[in-house]
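>
Number of protein chains: 2
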Amino acid sequence: MKSVIISIGDEVLIGQVVNTNAAWLGKELVAMGFPAGRIVTIPDNEKEILKEFRSAYKNYDIIAVTGGLGPTHDDITVKTVAKFFKSKYVLNEKVLKHVKNIFARRKIQMPAANIGQALVPDIAKVLENKTGTAPGLLIDKAGKVFCVMPGVPYEMKYISRTGFFPYLQKKFSSKKRNVIKQQTLHTIGIGESMLAEKLGDINKIVRKGNGYEVKLAFLPSNYEVRLRVTVSAVSEFIADKLLKETTGLIKTKAGNFIYSDSESSIEKTVGSLLKKKKLTISCAESCTGGLLTSKLTDISGSSGYVMDAIVGYANEAKQRLLGVKKETLKKYGAVSELTAIEMAEGIRKRSKTDIGLSTTGIAGPTGARPGKPVGLVWIGYSDKKISFAKKYIFTKDRLRNKDIMAKMALEVVRRQLTIDNYQ
Amino acid sequence: MKSVIISIGDEVLIGQVVNTNAAWLGKELVAMGFPAGRIVTIPDNEKEILKEFRSAYKNYDIIAVTGGLGPTHDDITVKTVAKFFKSKYVLNEKVLKHVKNIFARRKIQMPAANIGQALVPDIAKVLENKTGTAPGLLIDKAGKVFCVMPGVPYEMKYISRTGFFPYLQKKFSSKKRNVIKQQTLHTIGIGESMLAEKLGDINKIVRKGNGYEVKLAFLPSNYEVRLRVTVSAVSEFIADKLLKETTGLIKTKAGNFIYSDSESSIEKTVGSLLKKKKLTISCAESCTGGLLTSKLTDISGSSGYVMDAIVGYANEAKQRLLGVKKETLKKYGAVSELTAIEMAEGIRKRSKTDIGLSTTGIAGPTGARPGKPVGLVWIGYSDKKISFAKKYIFTKDRLRNKDIMAKMALEVVRRQLTIDNYQ
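Residue numbers (this note's numbering), protein chains in the order written: chain E, 1 to 423; chain V, 424 to 846.
(1) With distances taken Cα to Cα, identify the nearest neighbour of Arg528(V) among Ile393(E), Ile404(E), Thr162(E).
(2) Apply the 10 Å Cβ neighbour rule to Val413(E) and answer buried if 16 or more other Cβ atoms are within range, or exposed otherwise.
(3) Which residues in chain E have a C-beta closer than 9 angstroms to the C-beta of Ser723(V)? List them in chain order.
(4) Under a Cβ-count criterion, where at least 16 other Cβ atoms within 10 Å of its own Cβ denotes burial, should His73(E) be classed as buried or exposed?
(5) How would you list, in chain order, the residues of chain V whose beta-carbon sits under 8 angstroms from the beta-carbon of Asp308(E)?
(6) Let me know if Leu642(V) comes out buried or exposed under the rule of 16 or more other beta-carbons within 10 Å of its beta-carbon.
(7) If you run the structure through DSSP and keep just helix, strand and coil, what is Ala557(V)?
(8) So which of Asp777(V), Lys676(V), Tyr755(V) has the shortest CA-CA distance to Cys859(V)?
(9) For a test of the three-state rule: what should DSSP assign to Arg366(V), helix, strand or coil?
(10) Specify, as a first and last residue, the run of the alpha helix (DSSP H) that Met408(E) falls within.
(11) Is Phe34(E) closer than 9 angstroms to Asp61(E) when the C-beta atoms are compared?
(12) Using three-state DSSP, classify Phe388(E) as helix, strand or coil.
(13) Any contact between the stretch 614–629 of chain V and the stretch 559–574 of chain V? By contact I mean 3 or more CB pairs, one from each, below 8 angstroms.
(14) Using the C-alpha atoms, what's the distance from Lys509(V) back to Ile546(V)?
(15) Quick check: what's the CA-CA separation for Thr395(E) versus Thr366(E)?
(16) Looking at the strands, I want to know which residues DSSP matches up with Ile485(V).
(17) In chain order, which continuous runs of the beta strand (DSSP E) of length 3 or greater are located wholly inside the stretch 139–218 of chain E?
(18) Enumerate, from N- to C-terminal direction, the unbroken alpha helix (DSSP H) stretches of 4 or more residues contained entirely within the stretch 14–102 of chain E.
(19) State buried or exposed for Tyr804(V), treating a residue as buried only when at least 16 other CB atoms are found within 10 Å of its CB.
(20) For the alpha helix (DSSP H) holding Glu236(E), just list the boundary residues, first then last.
(21) Return helix, strand or coil for Ser688(V), following the three-state DSSP convention.
(22) Counting C-beta neighbours from all protein chains within 10 Å, is the total for Thr751(V) 16 or more, i.e. buried, or is it exposed?
(23) Could you please give me the residues that DSSP links to Pro643(V) through a beta bridge?
(24) Lys548(V) bridges to which residues according to DSSP?
(25) Return the residues of the stretch 153–180 of chain E that lie within a Cβ-Cβ distance of less than 8 angstroms from chain V, sorted by chain order.
(26) Arg78(E) and Leu13(E): beta carbons closer than 9 angstroms?
(27) Can you look up Ile299(E) in the DSSP assignment and give me helix, strand or coil?
(28) Using a Cβ cut-off of 9 angstroms (strictly closer), state whether Glu434(V) contacts chain E.
(29) Compare the Cα-Cα distances from Ile465(V) to each of Tyr57(E), Lys58(E), Ala22(E) and report the closest residue.
(30) Trp447(V) versus chain E: which residues are under 7 angstroms apart at the beta carbon?
(31) Of all Cβ atoms in chain V, is any one closer than 9 angstroms to the Cβ of Cys283(E)?
(32) Would you list, in chain order, the members of the stretch 183–195 of chain E that have their beta-carbon closer than 8 angstroms to a beta-carbon of chain V?
(33) Quick one: grab the DSSP three-state call for Leu702(V).
(34) Find the nearest neighbour of Glu11(E) within the set Arg461(V), Gly438(V), Met424(V), Val440(V), judged by alpha-carbon distance.
(35) Identify which residue in Met32(E), Lys331(E), Ser55(E) has its Cα closest to the Cα of Lys170(E).
(36) What is the rounded straight-line gap between the Cα of Ala217(E) and the Cα of Glu236(E)?
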């Protein structure tokens, strides 16, 4: 059972609207076992629409169409559906009443243009839309399901959930189809290719057999890599088993680097760890300029473990607010191992928290010095037992640097709290 | 000149990634006069990719392809391009050197898999990618331009701006087409409908005539509204004139609320103002949790005007680090006008800066108290002459609140420094 998603509308083609509808439908369809083989966006143009409908009908079992159902002159999708199915185009009294009611409730006179929204191809089953004027239309012909919905995201979702998806599940429930399961493992601060090396023989992970398939995708972005495992199998039981086996194998190979297997962010993972271990944290930030603390406080409930933070951009502030020694700054500079350690210790002691975390580096694009390139960061960690700093070199881009430096600082805390002998 | 955008990647089909690349490319291509006639997303599958390439080559002049250029087994785009053009697949020394340099700079040994990224079809012109390992590939054949770029958004944008777009503009510069010009005016903290009222008669802005058209779009997002003016005209001269006229008219109507007409962020606008006026700033943050200072320090050169900042989540920290009076906290609470003012004054005096800026509020989703709903924020401002606080109520969502509260604090500074008698 393969599906195709067709989005109709000039506003998507010119980039005025980001096509979140397709992403949502893609996710839902794959979860039901009807993965989309293709997503297409085309203009509000009869010829293009007809061409796409023909191709979709030939190649796919389920055709999900969104957009072009509004009341204005440029909305031609329904008319074109009637033409494609060579169906009569009739006034549907139930839809007309629904549209009229919407205007009556808002105490607004219905514009004539809205009557057009009650005209539907008579071959179609009308799917109710309680969230707007345009109904969904479903046509089941030659074993294929064709569904047209409005482009407004919440209307499309409403019709999908109440009409389109239940229809699909009922119709295809007896057909034997593969169950698809996915899980994504998140890593940070380890390169894509190095991660691949750690995983070892890829054919022990990616494999195909009678009635099942296991796929692995590497999804990198700014020093984070997500590993997405997709399993397709004849039964839920086998799919679950394969998924658990595969993610288990990956974890034995690269477990220390995986901070989440449940789509949690690094700040959420660290927050949960601190909460569980009843630890508090404070931050002394230089190059991350507040972003590290901002990430920590993105989590609701973080006021329970995040105490205060100090952004000490200037050397003077590093001395006055954090107690970094003048000699340290003079001898090693602000971007150095010892400064990072003194910052972390300073904030920990002054804020009376269990952990002190610091960043000092060169976010860029300017500020590089001999031996200290843009992208260099020292991340300092301090608790009652140990203080240390780690060095990383990232990119030449200021915003990317701030983001990954802040995330890497959180990852340093995570590793320290979870890996034996990380230091 | 019609273009087509092809996105390659299973992650897009299953909805794990929203296709923002296509929206961005669609917007840029239409602005250059090469509107996309179609956007297609297909899987990492050779047969599907070849089929789409064939169809694209037949129907469009410009083919923009993104995705599938990574170093791992599931990245097959480049190989498939070589097959499609029946081109030899050769090692490009320049690309190899670039990839090696990236690893050398980070002092990491290059994994063998990355060598594969230097293999390119010999028919292709290599477009440099300073932001990552995979280069862009451009093939100009039979009057058509075919360009392949990585799917990572900032890499795709970098290659588009520095290689792909300049090539298109040069190649197609002689063709006659309408000139399209756009400018976007940014506002913050003023509602869409109130802004529309301020603009007055919309028909004086939106207009159409012989060979020209002026359009206006309201683009709202989380208490910011962007006004995008699009002008289409037969010549560059007329387009520029109309654009200047129209944005000028909007500025006379709503100028005080427009913080940027050049895609500058509010933090950039405020940073430039501080620099120009030779003023320094320090922040005392509670509900924004570091985000306000992080935004200020997003701007390169901000170390010249941002002194230190303190995130005082706990009442104790507000007293110890900022000098907020115990009685103030007791009588009015941490989220109050007086606390905001004392925080702003406290950080200004302790940091010896010209301006002190503070936020205290309830980011949510929990923490509401009678008379103090989630979304409430007091923004405090203090300089040598005046101290005051402003109250706003935003959303129920923590992350949206943090973002708009931080931006609104910057907007308070902007208005104070630019509007006569703002206080």
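In this text, a Cβ means the ideal position worked out from N, Cα and C, and glycines have one as well.
By the coordinates alone:
(1) Here residue 528(V) is taken as the residue at index 105 of the second sequence, counted from 1. Ranking the options by Cα distance to Arg528(V), first place goes to Ile393(E).
(2) For the purposes of this step, residue 413(E) is taken as the residue at position 413 of the first sequence. Val413(E) should be labelled buried.
(3) Taking the second sequence and counting its residues from 1, one reaches residue 723(V) at position 300. Those within 9 angstroms of Ser723(V) in chain E are Ala363, Gly364, Pro365, Thr366, Gly367, Arg398.
(4) On the first sequence, position 73 is the one that residue 73(E) refers to. Burial call: exposed.
(5) The residue labelled residue 308(E) in the question sits at position 308 within the first sequence. When 8 angstroms is used as the limit between beta carbons, Asp308(E) is near these residues of chain V: Ile733, Val734, Gly735, Tyr736, Ala737, Ala740, Leu744, in chain order.
(6) As a first step, residue 642(V) is located in the second sequence; it is residue number 219 there, counting from the start. Exposed, by the Cβ-count rule.
(7) Translated into positions along the second sequence, residue 557(V) becomes position 134. Residue state, collapsed to three classes: coil.
(8) Nothing about residue 859(V) can be reported from this structure: the residues present for chain V run from 424 to 846 only.
(9) Because chain V is modelled from 424 through 846, residue 366(V) falls outside the range shown and cannot be assessed.
(10) On the first sequence, residue 408(E) is found 408 positions in, with the first residue counted as 1. Run containing Met408(E): 398–418, per the alpha helix (DSSP H) assignment.
(11) The sequence position of residue 61(E) within the first sequence is 61, counting from 1. The sequence position of residue 34(E) within the first sequence is 34, counting from 1. Taking 9 angstroms as the Cβ cut-off, Asp61(E) and Phe34(E) qualify as a contacting pair.
(12) For the purposes of this step, residue 388(E) is taken as residue 388 along the first sequence, with counting starting at 1. If DSSP states are grouped into helix, strand and coil, Phe388(E) belongs with the strands.
(13) no
(14) The residue you call residue 546(V) lines up with position 123 of the second sequence. The residue you call residue 509(V) lines up with position 86 of the second sequence. In a straight line, the C-alpha of Ile546(V) is about 9 angstroms away from that of Lys509(V).
(15) As a working mapping, residue 395(E) is identified with position 395 in the first sequence. As a working mapping, residue 366(E) is identified with position 366 in the first sequence. Straight-line Cα distance between these residues: approximately 12 angstroms.
(16) Residue numbering aside, residue 485(V) sits at position 62 when the second sequence is read from its first letter. Ile485(V) pairs with Ser426(V), Val568(V).
(17) 144–149, 179–188, 207–209
(18) If we require 4 residues or more, the alpha helix (DSSP H) runs fully inside the stretch 14–102 of chain E come out as 20–32, 46–59, 77–84.
(19) Position 381 of the second sequence, counted from the start, is the residue given in the question as residue 804(V). Buried.
(20) Locating residue 236(E) in the first sequence gives position 236, counting from the first residue. Start and end: 236–254.
(21) As a working note, residue 688(V) is residue 265 in the second sequence. Three-state result, Ser688(V): coil.
(22) Numbered from 1 along the second sequence, position 328 holds the residue referred to as residue 751(V). Looking at its Cβ environment, which holds 16 or more other Cβ atoms inside 10 Å, Thr751(V) is buried.
(23) Position 220 of the second sequence holds residue 643(V). Looking at the DSSP output, Pro643(V) sits in a beta bridge with Val648(V).
(24) Translated into the one-based positions of the second sequence, residue 548(V) becomes position 125. BP columns for Lys548(V) point to Leu561(V).
(25) none
(26) Counting from 1 along the first sequence, the entry for residue 78(E) is found at position 78. Counting from 1 along the first sequence, the entry for residue 13(E) is found at position 13. Residue 78(E) is actually Val in this sequence, not Arg. No, Cβ-Cβ distance for Val78(E) and Leu13(E) is not below 9 angstroms.
(27) Locating residue 299(E) in the first sequence gives position 299, where the first residue counts as 1. DSSP places Ile299(E) in coil when its eight states are reduced to three.
(28) As a first step, residue 434(V) must be located in the second sequence, where it is residue number 11. Yes, its Cβ sits closer than 9 angstroms to a Cβ of chain E.
(29) On the second sequence, residue 465(V) is found 42 positions in, with the first residue counted as 1. Of Tyr57(E), Lys58(E), Ala22(E), the residue nearest in Cα terms is Ala22(E).
(30) Working through the second sequence from its first residue, we reach residue 447(V) at position 24. Residues of chain E passing the Cβ test: Gly15.
(31) Within the first sequence, residue 283(E) is the residue found at index 283, counting from 1. Cys283(E) counts as touching chain V.
(32) Of all residues in the stretch 183–195 of chain E, Thr184, Gly191, Glu192, Ser193, Met194 have a Cβ within less than 8 angstroms of some Cβ in chain V.
(33) On the second sequence, residue 702(V) is found 279 positions in, with the first residue counted as 1. Of the three classes helix, strand and coil, the one that applies to Leu702(V) here is coil, per DSSP.
(34) If you number the first sequence from 1, residue 11(E) lands on position 11. The option with the nearest alpha carbon to Glu11(E) is Arg461(V).
(35) As a first step, residue 170(E) is located in the first sequence; it is residue number 170 there, counting from the start. Of Met32(E), Lys331(E), Ser55(E), the smallest CA-CA separation from Lys170(E) is found for Met32(E).
(36) The sequence position of residue 217(E) within the first sequence is 217, counting from 1. The sequence position of residue 236(E) within the first sequence is 236, counting from 1. In a straight line, the C-alpha of Ala217(E) is about 21 angstroms away from that of Glu236(E).
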